[in-house]
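J.: Okay, handing you the structure first.
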Amino acid sequence: MTARILVVDDVPSNVKLLESRLLAEYFEVVCAHSGAEA
1 MTARILVVDD
11 VPSNVKLLES
21 RLLAEYFEVV
31 CAHSGAEA
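Going by full-length UniProt numbering, the letters in the sequence shown line up with residues 1 to 38, in that order.
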């Protein structure tokens, strides 16, 4: 079973960086750019 991680940040470069690092570690990543979107 793969762990799912929610990344929320209003800075797109932070989201992209975290997403790429977590995907490299085989996590399932869901991204949002605001609390409302999450």
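No residue lacks a Cβ here, since even glycine has one placed at the ideal position from N, Cα and C.
All of these numbers come straight from a predicted model, not from anything done at the bench.
(1) In chain order, what residues of the same chain have a beta carbon less than 6 Å from the beta carbon of L18, not counting five sequence neighbours either side?
(2) Considering Cα atoms alone, identify which of E28, A36, A38, A32 is closest to R4.
(3) Could you have a look at E25 and say whether DSSP puts it in helix, strand or coil?
(4) What does a CB cutoff of less than 7 Å around C31 pick up in its chain, not counting 5 residues either side in sequence?
T.: The structure says:
(1) Position 18 of the sequence shown, counting from 1, holds the residue named residue 18. Only V7 meet the Cβ criterion.
(2) Counting from 1 along the sequence shown, the entry for residue 4 is found at position 4. Closest by alpha carbon: E28.
(3) Residue 25 sits at position 25 when you count from the first residue of the sequence shown. Coil, per DSSP.
(4) The residue you call residue 31 lines up with position 31 of the sequence shown. Excluding sequence neighbours, C31 sits near V7, V15, E19.
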